[in-house]
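Numbering (the numbering used here), first residue to last: 366 to 583. The beta carbon of each residue, even a glycine, is placed where N, CA and C say it ideally should be. As the structure is a computational prediction, the values presented were derived from the model and not from experiment.
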């Protein structure tokens with residue numbers, strides 16, 4: 366899917382939550398790419414912005430362009446190797462806030478549905494019980510207002526578009542989702558209502574547990 370009229374926010378240009386010799390933790394705004402796209406006009410991204418300040422910064426994970434919130438980048442090869450290992454072995458912990466369409470009846474639950482790329486409609490993903498990769502999300506209702514529900518989402522796996530497809534699969538698409546939301550859910554918000562609020566992992570140098578927070582902007 367081409368990025369039509371890509372106009373990423375420029376204020377603030379970079380929002381640094383934490384920085385030391387090994388890592389930099391950032392609060393990515395919605396509508397900014399995590400890494401550069403193929404086209405020249407899609408070169409502006411969080412990675413390129415951070416590299417203007419920290420030339421050695423490398424990406425170890427990413428957020429969808431429309432998703433806001435916490436991302437960590439490594440500043441050394443050793444840090445990159447160690448944080449990548451933690452993500453690969455699911456030793457990191459993440460929590461997201463989302464606003465979804467509809468009134469979720471239950472207070473909490475889990476969604477365990479395998480995901481695969483919907484190749485003719487890429488970058489969309491879809492549930493596929495035969496070829497999909499294991500994906501698990503825990504959810505908990507925070508509040509309900511009219512025909513909307515605010516939820517806390519904890520992904521155990523890190524599949525592409527996992528939270529967006531999993532919430533869609535139980536009939537509650539995330540508001541403002543240009544890829545997956547139906548007309549009413551899309552019109553209900555000016556941006557994707559998904560924010561990476563909390564991130565925890567083991568510091569690659571000290572070996573101590575660290576955690577970071579970024580207030581939800583919606």
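- Nearest neighbour of residue 518 by Cα position, chosen from 465, 423, 373, 447, turns out to be 465.
- By the criterion of at least three beta-carbon pairs nearer than 8 Å, the stretch 498-515 is in contact with the stretch 473-481.
- Here residue 577 is not near residue 457, since their CB atoms are 8 Å or more apart.
- Residue 438 has 389, 424 as its beta-bridge partners, per DSSP.
- Per DSSP, reduced to three states, the secondary structure at residue 400 is coil, with no helix or strand assignment.
- Residue 379 and residue 452 have their C-alpha atoms some 24 Å from each other.
- Excluding the 5 residues flanking it on each side, residue 413 has same chain C-beta neighbours closer than 7 Å at 401, in chain order.
- The three-state secondary structure of residue 546, taken from DSSP, is coil.
- Assignment of beta-bridge partners to residue 567 by DSSP yields 574.
- About 6 Å separates the CB atoms of residue 512 and residue 467; that is less than 8 Å, so the two are in contact.
- Boundaries of the alpha helix (DSSP H) around residue 532: 527-534.
- A contact is defined here as three or more CB-CB pairs under 8 Å, and the stretch 518-537 meets this definition with respect to the stretch 480-495.
- DSSP lists 515 as the beta-bridge partner residues of residue 508.
- Residue burial is scored here from C-beta neighbours: residue 549 has fewer than 16 other C-beta atoms within 10 angstroms and is therefore classed as exposed.
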